[in-house]
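Written below as structure tokens is the structure these notes are about.
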């Protein structure tokens, strides 16, 4: 691996000049690409024709989110597995991928390096079969033993990208090769809990060379759906790890994905080369792929214009998306939205411990107007924690309180006035929405102050419980995965304002006593079954409970946009794929450029 | 007042007057070096408690920053166990004094520590990034002075003239434009419209002088132009004041020395003391400017590293960056002091 990243000079005459004035104010915007929700395709692309092999591509990523990989690229120790989905997809490929029709519809999890998966009838056993004959780029086999090594290590090395699995307890540990165990323990943290590892080795087994089983204590309907977002999907070469050591491996992991690491400057630039031994014939199309970390939306867009980048992943500034949509030299594709805005109301303290105050907020909020005014009507409207690109979407919820300023005023008068602090994450789009909400609420007689803070401070504020209302996004492609419904509405979640269960004065007490609210139970049941119909019904029930109790009005779902220069094509870049959590995924093995 | 009189502006960066004016000046020629070396040594020794104080201050400020760095690192969907694991990995489960002294004692042993986020040795990170920032800062000073000195001299030749007024309008405008806005304008013109320069990225010197200079051209200009405007205004004002009121100027004129030579040989020489002081004081401002400019131009320098470190409360990284920036500021001021000796013969020869 060379240590010098490739640099691309400006392409003369590729792109022209655009208006400056509107864009200058956005210089530092867009550090958390995630607060937009989303819809439909932008100026789209004409029929792309047959894919062509060759060429290179430089993708621009927001340094504040997907362009940061400070904790490295080893999936077992990285704390940015979810944010670095694109990098991981290019290097590791993944056991499963999320794919969709060209219009972004009918998204589903597709086995990739896995050949198939199956849940047992009770949902407690997941069997995963691997494709035969796949090798890592170092030539060693990607078999069930290698996947087992990765899964145990990925679950046990402290990465926040590890899913929370409720594995079966007390399963006997099968006979395992001593060399395998030695290699595994050598790759685990020194202070690892050996009992925990043995429990995991009992519950996760390699049945034969290409088959693995995971035994669960409780069914998990989102287990496979969440895989492309977590580190179980990312399988690396155990042999390479042993040869390279932790530090070097974290810089340049060896895997079986479409590309291999050529140079890595952490959180600055990652250069990848085509994996000549990739298991799919003729893929990937590109010879070289680079990811360049750039400070925010404005700089990303200018860099694309200057010809130093070919694609922007996750442009969230509305002003720049509009500019890009009217720029004939780029193709703009809005992702299929999965996460609508929600105004979370903290029912555990005044004023929103009073249901009438919460109802007043519902009646005073006109997200339709905000969609028209700020999002040009391109947002997807939702009355629950799902959006059109996600699973179990229901656009309307029976009995949902829609905009009625008269009723809002009456309620405000009835409770003797309402003063509210509305918090949000300090990014441009979220600030614009809160300002619009402030105006609407003031029209209904509600006094509003806005508290806009960086994401870290918002997280802290949630932790203290000292907040009144918070504009956030809720949901994920599968509501049980990522920052899904449980995170925003589960009573024991740090980031929820729903009432605590009876008998508990804190979330910790509720957890210790195993106490739950009715809503908790429904959310848990919905995640705890693999029956899709049952899950759908339970999520409808959860949406109705949230609406009936007025825990928080939902609004626009708007996905960040992918912007590419003309001549670049590929699933997730020029055809929408729903965002598993924040940015839409891209399947880089099939991205190609016109030669 | 003789023609070598020190101008009132010529205070040293630390607020004291130059040695020559305090009667404790350098009594031997600069060539012998020992008094200057003693001065240099004294000032270096003074930096140790200063740097220690700075390190405590930085540590306390980082500790006081709102938010839980472990939770921020872990993200919203992390479990409590995962947050605790991150906390442990970052070393935040240890008491603050233990962490501070652990870091400090490590420093005395020559161990700069490791980034609590990436696990990389801080020494390697600095070795990798310091040259980028150093090049930006040095070139920004060179360019800003290269613009300011000739422009101020020309403007001061005819105060109130067309060139002088035009210069001041431009200087005021450049002073009013924040350097990040200037950076975006430069990108719009040179990278997007003219496609002459790369919008982002850094090409190391070993990859060729021209590619290197092309990659740093816009960041350097974004840093240098506001500085140049400031220096121009300052120097021009000082020169005009000297030309209008200094006795030595009248003396020179009465001897028939041409106004241009008076300006260049006498007035500028005296004004350069003030300019030097300002340049020394500007080190901190300039280094601060690199933080945002390196972000905009994706330059892998120490400014970007410090910002990332501060955002993730990565104590080892921020401490070392601040240490180095503080040391650079102190050294720069020392160099300014030495320059006084070069510019002021009384300091050089100890004569009054």
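Chains as they are written, first to last, in UniProt numbering: chain Y, 1 to 595; chain P, 1 to 352. Beta carbons: idealized from backbone N, C-alpha and C, even for Gly. Please read all numbers here as calculations on a predicted model, not as lab measurements.
Original post:
What three-state label does DSSP hand residue 502 of chain Y in the structure shown?
Top reply: Residue 502 of chain Y sits at position 502 when you count from the first residue of the first chain. Reduced to three states, the DSSP call for residue 502 of chain Y is coil.
Original post:
Excluding five sequence neighbours on each side, which residues of the same chain lie with their C-beta closer than 8 Å to the C-beta of residue 168 of chain Y?
Top reply: The residue you call residue 168 of chain Y lines up with position 168 of the first chain. Answer for residue 168 of chain Y: 124, 202, 203, 215, 216, 217, listed in chain order.
**OP:** With a cut-off of 8 Å on the beta carbons, I'd call residue 390 of chain Y and residue 338 of chain Y a contact; round off their distance for me.
**Re:** One-based indexing of the first chain puts residue 390 of chain Y at position 390. One-based indexing of the first chain puts residue 338 of chain Y at position 338. With a Cβ gap of about 4 Å, residue 390 of chain Y and residue 338 of chain Y count as contacting.
Original post:
Taking the beta strand (DSSP E) that residue 341 of chain Y falls in, what are its first and last residues?
Top reply: Here the question's residue 341 of chain Y lines up with position 341 in the first chain. Note, residue 341 of chain Y: beta strand (DSSP E), 340-345.
Subject >> Delimiting residues of the beta strand (DSSP E) encompassing residue 461 of chain Y >> reply: On the first chain, position 461 is the one that residue 461 of chain Y refers to. From DSSP, residue 461 of chain Y is part of no beta strand (DSSP E) but of the alpha helix (DSSP H) over 455-464.
Subject >> Unbroken beta strand (DSSP E) run spanning residue 292 of chain Y, endpoints >> reply: Taking the first chain and counting its residues from 1, one reaches residue 292 of chain Y at position 292. Membership of residue 292 of chain Y in the beta strand (DSSP E) is indicated by the continuous run 288-294.
Original post:
Under 8 Å between the Cβ atoms of residue 418 of chain Y and residue 357 of chain Y?
Top reply: The count along the first chain starts at 1 and reaches residue 418 of chain Y at position 418. The count along the first chain starts at 1 and reaches residue 357 of chain Y at position 357. In this structure, residue 357 of chain Y lies closer than 8 Å to residue 418 of chain Y by Cβ.
Original post:
How long is the line joining the alpha carbons of residue 157 of chain Y and residue 197 of chain Y, rounded to whole angstroms?
Top reply: To locate residue 157 of chain Y, count along the first chain from 1; it is residue 157. To locate residue 197 of chain Y, count along the first chain from 1; it is residue 197. For residue 157 of chain Y and residue 197 of chain Y, the gap between their C-alpha atoms comes out near 11 Å.
Subject >> Beta bridge counterpart(s) of residue 166 of chain P as assigned by DSSP >> reply: By 1-based counting over the second chain, the position of residue 166 of chain P is 166. Answer is none; residue 166 of chain P lacks a bridge partner.
Original post:
In chain order, what residues of the same chain have a beta carbon less than 7 Å from the beta carbon of residue 105 of chain P, not counting five sequence neighbours either side?
Top reply: Position 105 of the second chain, counted from the first residue, corresponds to residue 105 of chain P. Here the set comprises nothing.
Subject >> Exposed unless 16 or more other CB atoms sit within 10 angstroms - verdict on residue 373 of chain Y >> reply: Here residue 373 of chain Y is taken as the residue at index 373 of the first chain, counted from 1. Exposed: under 16 other Cβ atoms inside 10 Å.
Subject >> Proximity to residue 150 of chain Y [Cα-Cα], best of Y/248, Y/91, Y/76 >> reply: Along the first chain, read from residue 1 onward, the residue named residue 150 of chain Y stands at position 150. Restricting attention to Y/248, Y/91, Y/76, the CA atom closest to the CA of residue 150 of chain Y is found in Y/76.
**OP:** Pick out the complete alpha helix (DSSP H) segments inside the region 205-291 of chain P, 4 residues or longer, and give them in chain order.
**Re:** DSSP assignment within the region 205-291 of chain P yields the following whole alpha helix (DSSP H) runs of 4 residues or more, N-terminal first: 209-245, 247-254.
**OP:** Return yes when the Cβ of residue 111 of chain Y is within less than 8 Å of the Cβ of residue 96 of chain Y, no when it is not.
**Re:** Start at 1 with the first residue of the first chain, and residue 96 of chain Y comes out as number 96. Start at 1 with the first residue of the first chain, and residue 111 of chain Y comes out as number 111. Yes. Within cutoff.
**OP:** Indicate whether residue 526 of chain Y and residue 542 of chain Y have their beta-carbon atoms separated by less than 8 Å.
**Re:** Position 526 of the first chain, counted from the start, is the residue given in the question as residue 526 of chain Y. Position 542 of the first chain, counted from the start, is the residue given in the question as residue 542 of chain Y. Yes; because the gap between Cβ atoms is below 8 Å, this pair is in contact.
Original post:
Using the rule of at least 16 other Cβ atoms within 10 Å of the residue's Cβ for burial, across every protein chain shown, is residue 331 of chain Y buried or exposed?
Top reply: As a position in the first chain, residue 331 of chain Y is number 331, starting the count at 1. Around the Cβ of residue 331 of chain Y, a 10 Å sphere holds 16 or more other Cβ atoms; the residue is buried.
**OP:** Use the C-beta contact count for residue 126 of chain Y: other C-beta atoms within 10 angstroms, 16 or more gives buried, fewer gives exposed.
**Re:** Locating residue 126 of chain Y in the first chain gives position 126, where the first residue counts as 1. Burial of residue 126 of chain Y is indicated by the presence of at least 16 other C-beta atoms within 10 angstroms of its C-beta.
Subject >> Residue range of the unbroken alpha helix (DSSP H) whose run includes residue 97 of chain P >> reply: Start at 1 with the first residue of the second chain, and residue 97 of chain P comes out as number 97. Note, residue 97 of chain P: alpha helix (DSSP H), 96-108.
**OP:** Taking residue 72 of chain P as part of the alpha helix (DSSP H), name the residues at either end of that continuous run.
**Re:** Position 72 of the second chain holds residue 72 of chain P. For residue 72 of chain P, the enclosing alpha helix (DSSP H) starts and ends at 69-74.
**OP:** Can you tell me which of the three DSSP states residue 295 of chain P falls into?
**Re:** Working through the second chain from its first residue, we reach residue 295 of chain P at position 295. Under the three-state reduction of DSSP, residue 295 of chain P is assigned to helix.
Original post:
Between residue 577 of chain Y and the rest of its own chain, which residues show a CB-CB distance below 8 Å, the 5 nearest in sequence each way excluded?
Top reply: In the first chain, counting from the first residue as 1, residue 577 of chain Y sits at position 577. 98, 99, 100, 104, 107, 335, 336, 571, 584, 585, 586, 587, listed in sequence order.
Subject >> Separation of residue 101 of chain P from residue 84 of chain P, as counted between CA atoms >> reply: Position 84 of the second chain holds residue 84 of chain P. Position 101 of the second chain holds residue 101 of chain P. Rounded to whole angstroms, the gap between the alpha carbons of residue 84 of chain P and residue 101 of chain P is 23 Å.
Subject >> Burial state of residue 369 of chain Y, where buried means 16 or more other Cβ atoms lie within 10 Å >> reply: For this step, residue 369 of chain Y is matched to residue 369 along the first chain. Result: exposed.
Subject >> At least 3 beta-carbon pairs within less than 8 Å: the region 204-215 of chain P vs the region 116-126 of chain P >> reply: Segment contact: the region 204-215 of chain P against the region 116-126 of chain P, fewer than three CB-CB distances shorter than 8 Å; contact not assigned.
Original post:
Name the chain Y residues that come within less than 7 Å of residue 245 of chain P, Cβ to Cβ?
Top reply: The residue labelled residue 245 of chain P in the question sits at position 245 within the second chain. Those within 7 Å of residue 245 of chain P in chain Y number zero; the least Cβ separation is about 43 Å.
Original post:
Is the beta carbon of residue 528 of chain Y less than 8 Å from the beta carbon of residue 515 of chain Y?
Top reply: Position 528 of the first chain, counting from 1, holds the residue named residue 528 of chain Y. Position 515 of the first chain, counting from 1, holds the residue named residue 515 of chain Y. No.
Subject >> Bridge partner(s) assigned by DSSP for residue 205 of chain Y >> reply: Residue 205 of chain Y sits at position 205 when you count from the first residue of the first chain. The beta-bridge partner set that DSSP reports for residue 205 of chain Y consists of Y/213.
**OP:** Taking the CB atoms as reference points, tell me whether residue 188 of chain Y and residue 568 of chain Y lie closer together than 8 Å.
**Re:** As a first step, residue 188 of chain Y must be located in the first chain, where it is residue number 188. As a first step, residue 568 of chain Y must be located in the first chain, where it is residue number 568. No, these two residues do not count as a Cβ contact at 8 Å.
**OP:** Please decide whether residue 71 of chain P counts as near chain Y, where near means a Cβ-Cβ distance under 8 Å.
**Re:** Within the second chain, numbered from 1, the residue matching residue 71 of chain P stands at position 71. With 8 Å as the cut-off, residue 71 of chain P counts as an interface residue toward chain Y.
Subject >> N- and C-terminal bounds of the beta strand (DSSP E) containing residue 563 of chain Y >> reply: The residue labelled residue 563 of chain Y in the question sits at position 563 within the first chain. Taken as a continuous stretch (DSSP letters only), the beta strand (DSSP E) holding residue 563 of chain Y covers 561-565.
Original post:
Would you call residue 359 of chain P buried or exposed, if buried means 16 or more other Cβ atoms sit within 10 Å of its Cβ?
Top reply: The structure shown does not extend to residue 359 of chain P, since chain P spans only 1 to 352, so no value can be given for it.
Original post:
Hey, residue 280 of chain P and residue 336 of chain P: beta-carbon distance below 8 Å or not?
Top reply: The residue labelled residue 280 of chain P in the question sits at position 280 within the second chain. The residue labelled residue 336 of chain P in the question sits at position 336 within the second chain. The Cβ-Cβ distance between residue 280 of chain P and residue 336 of chain P falls below 8 Å.
Original post:
If you compare alpha carbons, which of Y/208, Y/497, Y/473, Y/247 is closest to residue 351 of chain Y?
Top reply: Counting from one through the first chain, the residue named residue 351 of chain Y turns up at place 351. Among Y/208, Y/497, Y/473, Y/247, the Cα nearest to that of residue 351 of chain Y belongs to Y/497.
**OP:** Could you tell me the boundaries of the alpha helix (DSSP H) in which residue 373 of chain Y lies?
**Re:** Residue mapping note: residue 373 of chain Y aligns to position 373 of the first chain, counting from 1. Following the DSSP letters along the chain, one finds residue 373 of chain Y inside the alpha helix (DSSP H) bounded by residues 367-375.
Original post:
Assuming residue 400 of chain Y contacts residue 363 of chain Y under a Cβ cut-off of 8 Å, what Cβ separation, rounded to an integer in Å, is found between them?
Top reply: As a working note, residue 400 of chain Y is residue 400 in the first chain. As a working note, residue 363 of chain Y is residue 363 in the first chain. Residue 400 of chain Y to residue 363 of chain Y, Cβ: 11 Å. No contact.
Original post:
In terms of DSSP beta bridges, what is residue 274 of chain Y paired with?
Top reply: Taking the first residue of the first chain as position 1, residue 274 of chain Y is located at position 274. As computed with DSSP, residue 274 of chain Y is found in a beta bridge with Y/259.
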